[in-house]
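Colleague: Take a look at the following structure, please.
Numbering (my numbering), first residue to last: 44 to 267.
See the structure below:
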């Protein structure tokens, strides 16, 4: 049983939860994924089954698209709404054009340091393991490319956006950077991944559908 399976990851599932779910459904241990999605994010998770796990490196390097929102006026230790609030601001007068310009400032090639609560590694341990043990460490910045970062709508304190970016981009880190540039602080409040390379969310299997299908039917959904 070998191939690629497109899954619409529900909110609060970890990427590993999805892997475990399909290991049970398919009766196949060799399952991985091509790019982590945070628990609060939803959308396209590219699962690799059997020999397709060998494609992890190449598929993980594909560009990705997201739709999401950020909330101005606060910061957290995780850069999203899941974390501990570290600052609150009244926001001040923020115009839609200010937000649009802030988004535009982060387009193009740049260096981005992985956040404290992430799966990036430092000295052999994942960043979130260091953070949970109370140790502050900084991961080496990585080069990322933001092809598009567009404002879709704004009603203070919420800004809605579309982003197309390279592998390794932390969207919540970008949201925090936007808040810093505006002087208000910001956290990511929602995120949906809609594309990984040529794979699209529209073709992904929902958790409900996957739970209702047998192993044979799921196997027929594999892209070979």
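Glycine included, each C-beta is placed from N, C-alpha and C at the ideal position.
All figures in this text were calculated on a predicted structure; none of them were measured in a lab.
Indicate whether residue 215 and residue 120 have their beta-carbon atoms separated by less than 8 angstroms.
Modeller: Counting from one through the chain shown, the residue named residue 215 turns up at place 172. Counting from one through the chain shown, the residue named residue 120 turns up at place 77. No, they are not a contact pair.
Colleague: Any chance the stretch 54 to 69 sits against the stretch 83 to 94, with 3 or more Cβ pairs inside 8 angstroms?
Modeller: yes
Colleague: Since residue 85 contacts residue 232 with CB under 8 angstroms, what's their CB separation in whole angstroms?
Modeller: Residue mapping note: residue 85 aligns to position 42 of the chain shown, counting from 1. Residue mapping note: residue 232 aligns to position 189 of the chain shown, counting from 1. The Cβ separation is near 13 angstroms, so there is no contact.
Colleague: With which residues is residue 51 paired in a DSSP beta bridge?
Modeller: Numbered from its first residue, the chain shown carries residue 51 at position 8. For residue 51, DSSP records a beta bridge to 87.
Colleague: May I ask which residues mark the beginning and end of the beta strand (DSSP E) holding residue 191?
Modeller: Numbered from 1 along the chain shown, position 148 holds the residue referred to as residue 191. 185 to 198 is the span of the beta strand (DSSP E), which, as asked, contains residue 191.
Colleague: What do you get for residue 111, buried or exposed, if any count of 16 or more other CB atoms within 10 angstroms of its CB means buried?
Modeller: If you number the chain shown from 1, residue 111 lands on position 68. With 16 or more Cβ atoms within 10 Å of its Cβ, residue 111 is classed as buried.
Colleague: Have a look at 227, 53, 245 and flag the residue whose alpha-carbon is nearest the alpha-carbon of residue 132.
Modeller: For this step, residue 132 is matched to residue 89 along the chain shown. The shortest Cα separation from residue 132 among 227, 53, 245 belongs to 227.
Colleague: How big is the Cα-Cα spacing for residue 221 and residue 57?
Modeller: On the chain shown, residue 221 is found 178 positions in, with the first residue counted as 1. On the chain shown, residue 57 is found 14 positions in, with the first residue counted as 1. Their backbone Cα atoms lie some 26 angstroms apart in a straight line.
Colleague: What three-state label does DSSP hand residue 138 in the structure shown?
Modeller: Here residue 138 refers to the residue found at position 95 of the chain shown. If DSSP states are grouped into helix, strand and coil, residue 138 belongs with coil.
Colleague: Output needed for residue 190: all residues of its chain with C-beta closer than 6 angstroms, excluding positions within five of it in sequence on either side, in chain order.
Modeller: For this step, residue 190 is matched to residue 147 along the chain shown. Scanning its chain for C-beta atoms nearer than 6 angstroms, with the 5 sequence neighbours on each side dropped, one finds around residue 190 the residues 207, in chain order.
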